[in-house]
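Asker: Before anything else, here's the structure in question.
Okay, here's the thing in structure tokens:
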């Protein structure tokens, strides 16, 4: 490839991928929030978000901010076929805890300014749905132009209903002449219905979408002005970049994985108060403009919002999975692999998963989070994790559990292997039922074929590898006093998890 | 016990336990119909039926008529703690196929007349619900008196609503003076709504409950008169009783298990047309009287009927299992062991089982059978069998299945053992996870403790025994070309299944 080395300033995307995973329960879980779900089309909302900005900024000019428990899934989703050992496809900033958007955005800005002093950053939530790629690219282009002029730019969505669940942006429709952006007069908190109706009729209010475009340097200046505490902590992170950075660390990814950087970020998250960039900076800054969006947008805020986005059949239903229905209407019915039978439903949401089923009146979809709180309060692990968990090497499904035992089905992808590991508190029996397994137990290595089995005593080093070209399927029976996933010591891993 | 040997004539109960298992799907299955389910109270409807007649006729004066696929469950339910090898607690007539009620009743009558020429038989469906034991006993007593006078007696239920799902009995309220029974004028087929309203207001119509009382000799006489084909076939069965019966076969149970008897019954079921005793005999006989029932009665004909029988909470709901509910009303919500979450439901039925969930508008409960037909047409085994199957020795649960493999959890009760068996097409790995398993594999016998395992190759004789005092739990992985339950050859069995 005869590729000329490009020169900055470039445009960088910052994808905010946090999220608690309550409104789409039981599809979403604490460890599998909405952005990772395939709700519309073939890809997850995160994957759609990444694809959407690929023209603006390739993977190497993208930064994802997420939490520790979601890193594995992020890496899986961004490069599902990745084989290289422990190489992230893009820098990932791991937040020790969620502190709303300002600290996440500030951190990303520090890195971007270091890489590219005049770089522009496009901040995008990872869990929204946007249908019209072309209009989106065009609007972001307008926002990038305004950002290059020095403005803090927000994207506003022309409201289509008196929504009380969003913040609003009041703007001056007559400002800035022929430019594609308008001056922002004020930010408004989530209104009551009457106020929202007023906003809708007045025509100079837009929904606050949470999408922002600005120079990294510009937002850092504003953070310095309005959030001095955060600015001080960010200064110390910048100091680490200067100290350990430079020729030895050309990539933000490498830099992020140094002990010094991890420590600096941990300290920042200890000191700083949670605050949104909207409340902390945008509402106070004099330099904010808005680009009214021309694309279709949804925050996919509930099963009801999802229902509105999906194509319906002749009876107004959205049905997927192994569902047998008799004369239901205007309902969302989603099966997983179990059988779901429905008779005469009206305006209902039915979502079935391996370990939990939700049945909810469509106009009560916003209350799903209340049910999830109840389940969490009672210690129900169905609020936290799915029965099937994806791993870089394949997946496992919890089949059964009881006092001192668990049964799992494990699927290892061709040419993949688990980490070399031990468990202190459990032994494992593996029965191969499909494909070939190359097993490492203590000092031995041998291949098992379907119908064959082996035993791994507690504290024995072990690993399973699929040397073949079809998936290896193993039924595993674990026995031990403690069976938590955290009883694992890794010695070697193809996916950087040691 | 200083028990004087009683002399006949006695009263015998005949429990009709057939049923297809569609209206209570997914609780009921083809192999687990309604009478076996615990829908109300602690016992199944069958067990309640048996308990209800125990005063009239002890187990040895009871005959159960059922189908081949239900025999095991009948024996389990009638004597769950039974240990003796292959001894039925009562005679069980196994119908080769369902032919409605006339052949079943005729067969039972032939046996009873042979045992006790003047014996009276009380014919009861096994899947009805009756609340008031005392009134039931009293009404049956009235019916037995009438039967001893030579009448064919039916029990009629005073209607409480214009039900279109039942047949009606028209009777003469002024007949038979101070006796507790009345003369029947006519039997009426299931009416349309207007006709049913007429019946309800006229006060001389009763619901046909399907409960009958008569001398065995009397019903056989009437069968001879109105169903000559059936009578001829029954005559041949009686001939077998005379040929192989007598001193060598004092018990109906032994007699029923002779090859000659099994063959005679099979021939009868090949020759005879399906017909109900109502249509075939009762509507034509001149000798029919009715005892109007004084007890509460329900045929528990649908989830909606069940809902009407169960106590409700303050919001009108009937909720059981691991259910998290938010503000639902007048709904039946029944979980099994998975988590069920419900929000804002109204007048719904939700029934969750291990492999299928039903959500149905309460006023559409009668259409559940239509869904089951659809599932059956598509070959869905969820219409046939549950994931957890009870066995005389304990139970097994299907955890997972795929191409050429199944995973199961098996629970073997203390002091119980499976049959000595082989499978031609599959090998099995057993991992003990609780209790102790004494395993017999080929020529070896050894004990396995939790965390230990063994392998059973295809075609090897094997057996699992629980020699201990707590349940033995085993995770089993099967591998083979064919994994059907019918790939089993039994050599020795504590439960007479060789």
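Chains as they are written, first to last, in the numbering used here: chain A, 196 to 693; chain B, 196 to 693.
Note that the Cβ used here is the ideal one computed from N, Cα and C, for glycine as well.
Which residues mark the beginning and the end of the alpha helix (DSSP H) in which residue 438 of chain A is found?
Answerer: Walking along the first chain from the start, residue 438 of chain A turns up at place 243. From DSSP, the alpha helix (DSSP H) with residue 438 of chain A extends over 423-439.
Asker: By alpha-carbon positions, which one of A:639, A:513, A:606, A:643 ends up nearest to residue 174 of chain A?
Answerer: The displayed coordinates of chain A run from 196 to 693. Any statement about residue 174 of chain A would go beyond what the structure contains.
Asker: Shortest alpha-carbon distance to residue 244 of chain A belongs to which of A:553, A:332, A:624, A:659?
Answerer: Walking along the first chain from the start, residue 244 of chain A turns up at place 49. Residue A:332 is the option with its Cα nearest to residue 244 of chain A.
Asker: Quick one: list the residues of chain B neighbouring residue 559 of chain A, beta-carbon separation under 7 angstroms, in chain order.
Answerer: Taking the first residue of the first chain as position 1, residue 559 of chain A is located at position 364. Neighbours of residue 559 of chain A on chain B, chain order: 538, 539.
Asker: In angstroms with no decimal places, state the Cα-to-Cα distance between residue 480 of chain B and residue 417 of chain B.
Answerer: Counting from 1 along the second chain, the entry for residue 480 of chain B is found at position 285. Counting from 1 along the second chain, the entry for residue 417 of chain B is found at position 222. The alpha-carbon atoms of residue 480 of chain B and residue 417 of chain B are separated by roughly 7 angstroms.
Asker: Mind pulling the chain A residues with CB within less than 8 angstroms of residue 570 of chain B?
Answerer: As a position in the second chain, residue 570 of chain B is number 375, starting the count at 1. The contacting residues are 519, 534, 536.
Asker: With DSSP as the reference, label residue 206 of chain A as helix, strand or coil.
Answerer: Numbered from its first residue, the first chain carries residue 206 of chain A at position 11. Strand at residue 206 of chain A.
Asker: For residue 594 of chain B and chain A, any beta-carbon pair shorter than 8 angstroms?
Answerer: Along the second chain, one-based indexing puts residue 594 of chain B at 399. Closer than 8 angstroms to some Cβ of chain A, the Cβ of residue 594 of chain B qualifies, so yes.
Asker: When the Cα atoms are used, what is the spatial distance from residue 486 of chain B to residue 344 of chain B?
Answerer: As a first step, residue 486 of chain B is located in the second chain; it is residue number 291 there, counting from the start. As a first step, residue 344 of chain B is located in the second chain; it is residue number 149 there, counting from the start. Rounded to the nearest angstrom, the two C-alpha atoms are 14 angstroms apart.
Asker: Which residues in chain A sit within 9 angstroms of residue 285 of chain B, going by Cβ to Cβ distance?
Answerer: Residue numbering aside, residue 285 of chain B sits at position 90 when the second chain is read from its first letter. Under the 9 angstroms cutoff, chain A gives no residues; its nearest Cβ is about 36 angstroms from residue 285 of chain B.
Asker: Using C-beta distances below 8 angstroms, list every residue in its chain close to residue 224 of chain A, excluding the 5 sequence neighbours before and after it, in chain order.
Answerer: Along the first chain, one-based indexing puts residue 224 of chain A at 29. Only 216, 577, 578, 579, 580, 581 meet the Cβ criterion.
Asker: Starting from the beta carbon of residue 575 of chain B, find every residue of chain A whose beta carbon is closer than 9 angstroms, and list them in chain order.
Answerer: As a first step, residue 575 of chain B must be located in the second chain, where it is residue number 380. Residues of chain A passing the Cβ test: 517, 519, 534.
Asker: Closer than 8 angstroms, Cβ to any Cβ of chain C: which residues of the stretch 662-674 of chain A, in chain order?
Answerer: Here chain C cannot be found, since the structure's protein chains are A and B.
Asker: Give the residues of chain B in contact with residue 645 of chain A, contact being defined as C-beta atoms less than 9 angstroms apart.
Answerer: The residue labelled residue 645 of chain A in the question sits at position 450 within the first chain. Residues of chain B passing the Cβ test: 599, 600, 674.
Asker: Can you tell me whether residue 268 of chain A is buried or exposed? The criterion is at least 16 other CB atoms within 10 Å of its CB, across all chains shown.
Answerer: As a position in the first chain, residue 268 of chain A is number 73, starting the count at 1. With 16 or more Cβ atoms within 10 Å of its Cβ, residue 268 of chain A is classed as buried.
Asker: Give the list of continuous alpha helix (DSSP H) stretches no shorter than 4 residues that lie fully inside the stretch 242-318 of chain B.
Answerer: Those alpha helix (DSSP H) runs which fall completely within the stretch 242-318 of chain B and span 4+ residues are 266-273, 296-310.
Asker: Could you say if the stretch 314-325 of chain B and the stretch 223-243 of chain B meet the contact criterion of at least three C-beta pairs nearer than 8 angstroms?
Answerer: Enough Cβ pairs lie closer than 8 angstroms, so yes.
Asker: Quick one: complete beta strand (DSSP E) runs, 3+ long, within the stretch 339-377 of chain B?
Answerer: Here the runs fully enclosed are 347-352, 363-367.
Asker: With DSSP run on the structure shown, which of helix, strand or coil describes residue 200 of chain A?
Answerer: On the first chain, residue 200 of chain A is found 5 positions in, with the first residue counted as 1. Residue placement at residue 200 of chain A is poorly supported in this model, since its pLDDT is 45, which falls under 50; the coordinates still yield a value, given next. Correct three-state label for residue 200 of chain A: coil.
Asker: Thinking C-alpha only, which one of B:616, B:628, B:588, B:620 is nearest residue 635 of chain B?
Answerer: For this step, residue 635 of chain B is matched to residue 440 along the second chain. Comparing Cα-Cα distances from residue 635 of chain B to each of B:616, B:628, B:588, B:620, the minimum goes to B:616.
Asker: I want to see whether chain B comes within less than 8 angstroms of residue 211 of chain A, judged by CB atoms only; does it?
Answerer: Here residue 211 of chain A refers to the residue found at position 16 when the first chain is read from its first residue. Output row for residue 211 of chain A: interface = no.
Asker: Contact between the stretch 588-605 of chain A and the stretch 561-578 of chain A: three or more CB pairs below 8 angstroms?
Answerer: Verdict: no, contact absent.
Asker: For the candidate residues A:551, A:610, A:519, A:587, whose alpha-carbon lies nearest to that of residue 574 of chain B?
Answerer: Walking along the second chain from the start, residue 574 of chain B turns up at place 379. Nearest option by C-alpha distance: A:519.
Asker: Please classify residue 384 of chain A: is it buried, with 16 or more other beta-carbons within 10 angstroms of its beta-carbon, or exposed?
Answerer: Position 189 of the first chain, counted from the start, is the residue given in the question as residue 384 of chain A. By the neighbour-count rule (16 or more Cβ atoms within 10 Å), residue 384 of chain A is not buried but exposed.
Asker: So, does the CB of residue 556 of chain B fall closer than 8 angstroms to a CB anywhere in chain A?
Answerer: The count along the second chain starts at 1 and reaches residue 556 of chain B at position 361. Residue 556 of chain B counts as touching chain A.
Asker: Is the Cβ-Cβ distance between residue 669 of chain A and residue 627 of chain A less than 8 angstroms?
Answerer: Position 474 of the first chain holds residue 669 of chain A. Position 432 of the first chain holds residue 627 of chain A. Against a cut-off of 8 angstroms, the Cβ pair of residue 627 of chain A and residue 669 of chain A comes out as a contact.
Asker: DSSP has residue 227 of chain A in a bridge; who is on the other side?
Answerer: One-based indexing of the first chain puts residue 227 of chain A at position 32. DSSP output for residue 227 of chain A lists A:224 as bridge partner(s).
Asker: Assign residue 396 of chain A to one of two classes, buried (16 or more other C-beta atoms within 10 Å of its C-beta) or exposed (fewer than that).
Answerer: Counting from one through the first chain, the residue named residue 396 of chain A turns up at place 201. With fewer than 16 Cβ atoms within 10 Å of its Cβ, residue 396 of chain A is classed as exposed.
Asker: Short check: CB of residue 387 of chain B to CB of residue 377 of chain B, under 8 angstroms?
Answerer: Translated into the one-based positions of the second chain, residue 387 of chain B becomes position 192. Translated into the one-based positions of the second chain, residue 377 of chain B becomes position 182. Result no, Cβ atoms of residue 387 of chain B and residue 377 of chain B do not sit closer than 8 angstroms.
Asker: Could you check what DSSP says for residue 591 of chain A in three-state terms: helix, strand or coil?
Answerer: One-based indexing of the first chain puts residue 591 of chain A at position 396. The answer is strand: DSSP assigns residue 591 of chain A an E or B state.
Asker: List, in chain order, every chain A residue whose beta-carbon is nearer than 7 angstroms to that of residue 566 of chain B.
Answerer: Translated into the one-based positions of the second chain, residue 566 of chain B becomes position 371. Simply 519, 521, 536, 538.
Asker: Under 8 angstroms Cβ to Cβ from residue 541 of chain A, same chain only, skipping five residues before and after it: list those, please.
Answerer: Numbered from 1 along the first chain, position 346 holds the residue referred to as residue 541 of chain A. Excluding sequence neighbours, residue 541 of chain A sits near 523, 524, 525, 526.
Asker: What number of angstroms, rounded off, separates the C-alpha of residue 375 of chain B from the C-alpha of residue 349 of chain B?
Answerer: In the second chain, residue 375 of chain B corresponds to position 180, counting from 1. In the second chain, residue 349 of chain B corresponds to position 154, counting from 1. Distance between the alpha carbons of residue 375 of chain B and residue 349 of chain B is about 12 angstroms.
Asker: Nearest to residue 218 of chain A by CA position, among A:640, A:649, A:568, is which residue?
Answerer: Taking the first chain and counting its residues from 1, one reaches residue 218 of chain A at position 23. Of the listed residues, the one whose Cα sits closest to residue 218 of chain A is A:568.
Asker: Since residue 220 of chain B and residue 553 of chain B are thought to touch, with beta carbons under 8 angstroms apart, how far apart are those beta carbons, to the nearest angstrom?
Answerer: By 1-based counting over the second chain, the position of residue 220 of chain B is 25. By 1-based counting over the second chain, the position of residue 553 of chain B is 358. 7 angstroms between Cβ atoms; contact.
Asker: At a CB-CB cut-off below 7 angstroms, which residues of chain B make contact with residue 553 of chain A?
Answerer: Stepping through the first chain from its first residue, residue 553 of chain A is reached at position 358. Those are 536, listed as they occur along chain B.
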